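Asks: Let me give you the structure first, and then I'll get to my questions.
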Amino acid sequence: MKRPLASLDRAEAHAWTALVLTALAGAVDGAGFLGLGQQFVANQTGNAVLLAVAVSGDLTGREDGLSPIGPLWSLAGFALGTVLASLATRRHVLTSFGVPFLLVAEVVALAAAGLAGPTELAIALAAFAMGVQSIHAARIGLSGVTTTVLTGTLIAMSVNLSGGREDLRTARLQAGVWAVYLVAAGLGSILANAVSFSAVCWVAAAVAAAMAAAAFAEARHRGSEG
1 MKRPLASLDR
11 AEAHAWTALV
21 LTALAGAVDG
31 AGFLGLGQQF
41 VANQTGNAVL
51 LAVAVSGDLT
61 GREDGLSPIG
71 PLWSLAGFAL
81 GTVLASLATR
91 RHVLTSFGVP
101 FLLVAEVVAL
111 AAAGLAGPTE
121 LAIALAAFAM
131 GVQSIHAARI
141 GLSGVTTTVL
151 TGTLIAMSVN
161 LSGGREDLRT
171 ARLQAGVWAV
181 YLVAAGLGSI
191 LANAVSFSAV
201 CWVAAAVAAA
211 MAAAAFAEAR
221 HRGSEG
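Just so we're aligned, residue 1 is where the sequence shown starts under my numbering, counting upward by one.
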């Protein structure tokens, strides 16, 4: 059975949202790894590995040049972002503008990370922004797609490849998310090397601001229809 046109339009809008959010995460992650002492701000699985290797090096006296400080700042910032964003958009406090406000929080955090420069505070602020973004993606219903943790997306894509037509459509989106992240991470590292990590944060903040404006306009339109 065919889905209503409005449902198709919303699904398409969410797909584009997923790709743009993934591009932001990839760009900031690539820039952070290059400009913040090889730290991830979106990919917290990578940070867990960096933290474990750094701690094991400290405990065994191994000289590998890794410090646990950066991964800890990133993990703490990301966790704080997810918790606060989740609390701010709980069902009983959620309004039509609640989810778009998460993009505003991401804009502020990314802009602040750019102002902080290559410091631990910048790591925490950028990771905070990525944590907020993760909850935003979950709240708008991006099932099977995570914009900052691509391992889960890869698993879901593998499952969907053996499914029906709808599953294959989702698998194409998930493959697109992977491709966008790879390209954006490369471009983010290039811009960070040519200009600075701050420049990448400010570009990402500008894109997120445009998305926030569009999200508020959509929420206002839905409210007027209701």
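No residue lacks a Cβ here, since even glycine has one placed at the ideal position from N, Cα and C.
Being a predicted model, the structure only gives us computed values, none of them experimental.
Can the beta-carbon of W73 be found less than 9 Å from the beta-carbon of L34?
Replies: As a first step, residue 73 must be located in the sequence shown, where it is residue number 73. As a first step, residue 34 must be located in the sequence shown, where it is residue number 34. No. Outside cutoff.
Asks: Suppose you measure from the CA of A185 to the CA of L24; what does that come to, to the nearest Å?
Replies: For the purposes of this step, residue 185 is taken as residue 185 along the sequence shown, with counting starting at 1. For the purposes of this step, residue 24 is taken as residue 24 along the sequence shown, with counting starting at 1. Answer to the nearest angstrom: the Cα atoms are 9 Å apart.
Asks: What is the rounded straight-line gap between the Cα of R220 and the Cα of A214?
Replies: Taking the sequence shown and counting its residues from 1, the one referred to as residue 220 is at position 220. Taking the sequence shown and counting its residues from 1, the one referred to as residue 214 is at position 214. Each residue's alpha carbon lies about 10 Å from the other.
Asks: So which of S86, W16, D58, L115 has the shortest CA-CA distance to A205?
Replies: The residue given as residue 205 occupies position 205 in the sequence shown. With distances taken between Cα atoms, A205 lies closest to L115.
Asks: Quick one: any contact between the segment 104–112 and the segment 129–139, if contact means 3 or more CB pairs under 8 Å?
Replies: Cβ pair count under 8 Å is three or more, so yes.
Asks: Do you know how far the Cα of V149 is from the Cα of A171?
Replies: For the purposes of this step, residue 171 is taken as the residue at position 171 of the sequence shown. For the purposes of this step, residue 149 is taken as the residue at position 149 of the sequence shown. For A171 and V149, the distance between alpha carbons rounds to 16 Å.
Asks: DSSP on P68, reduced to helix/strand/coil?
Replies: Here residue 68 is taken as the residue at index 68 of the sequence shown, counted from 1. Correct three-state label for P68: coil.
Asks: Would you decide whether S189 is buried or exposed? Buried here means 16 or more other CB atoms lie within 10 Å of its CB.
Replies: For the purposes of this step, residue 189 is taken as residue 189 along the sequence shown, with counting starting at 1. Buried is the call here.
Asks: Please state whether DSSP places N47 in a helix, a strand or coil.
Replies: Numbered from 1 along the sequence shown, position 47 holds the residue referred to as residue 47. It is helical.
Asks: Out of L182, R90, G163, N160, point me to the one whose CA is closest to L21's CA.
Replies: Along the sequence shown, one-based indexing puts residue 21 at 21. When each option's Cα is compared against that of L21, the closest is L182.
Asks: Let me know the secondary structure DSSP gives T119 once reduced to three states.
Replies: For the purposes of this step, residue 119 is taken as residue 119 along the sequence shown, with counting starting at 1. DSSP places T119 in coil when its eight states are reduced to three.
Asks: Can you grab the Cα-Cα spacing for the pair L19 / S196, in whole Å?
Replies: To locate residue 19, count along the sequence shown from 1; it is residue 19. To locate residue 196, count along the sequence shown from 1; it is residue 196. L19 and S196: Cα-Cα distance of roughly 24 Å.
Asks: Does the contact criterion of 3 or more C-beta pairs under 8 Å hold for the segment 71–85 versus the segment 44–55?
Replies: Taking 8 Å as the limit for Cβ pairs, the verdict is that the segment 44–55 does touch the segment 71–85.
Asks: At the level of alpha carbons, what is the spacing between A126 and T147?
Replies: For the purposes of this step, residue 126 is identified with residue 126 of the sequence shown, where counting begins at 1. For the purposes of this step, residue 147 is identified with residue 147 of the sequence shown, where counting begins at 1. Their Cα atoms are separated by approximately 15 Å.
Asks: With DSSP as the reference, label R220 as helix, strand or coil.
Replies: As a working mapping, residue 220 is identified with position 220 in the sequence shown. Correct three-state label for R220: helix.
Asks: In this structure, how does DSSP classify V195 when only helix, strand and coil are distinguished?
Replies: By one-based count along the sequence shown, residue 195 stands at place 195. The answer is coil: DSSP assigns V195 none of H, G, I, E or B.
Asks: Tell me where the alpha helix (DSSP H) around G61 begins and ends.
Replies: By one-based count along the sequence shown, residue 61 stands at place 61. Neither: G61 is in no alpha helix (DSSP H) and is coded neither H nor E.
Asks: Would you mind stating whether A76 and A113 have Cβ atoms separated by less than 9 Å?
Replies: For the purposes of this step, residue 76 is identified with residue 76 of the sequence shown, where counting begins at 1. For the purposes of this step, residue 113 is identified with residue 113 of the sequence shown, where counting begins at 1. No.
Asks: Kindly list the residues whose CB is nearer than 6 Å to the CB of D64, restricted to its own chain and excluding five residues on each side of it in sequence; keep chain order.
Replies: Residue 64 sits at position 64 when you count from the first residue of the sequence shown. Here the set comprises G57.
Asks: Does the separation of the CB atoms of A209 and A199 fall below 9 Å?
Replies: Walking along the sequence shown from the start, residue 209 turns up at place 209. Walking along the sequence shown from the start, residue 199 turns up at place 199. In this structure, A199 does not lie closer than 9 Å to A209 by Cβ.
Asks: How would you label A194, buried or exposed, when you count the other beta carbons within 10 angstroms and need 16 or more for buried?
Replies: Here the question's residue 194 lines up with position 194 in the sequence shown. That one is exposed.
Asks: So, at 8 Å on beta carbons, what are the nonlocal neighbours of I140 in its own chain, with the 5 sequence-adjacent residues on each side left out?
Replies: Position 140 of the sequence shown, counted from the first residue, corresponds to residue 140. Within the same chain, I140 has close Cβ partners H14, T17, V99.
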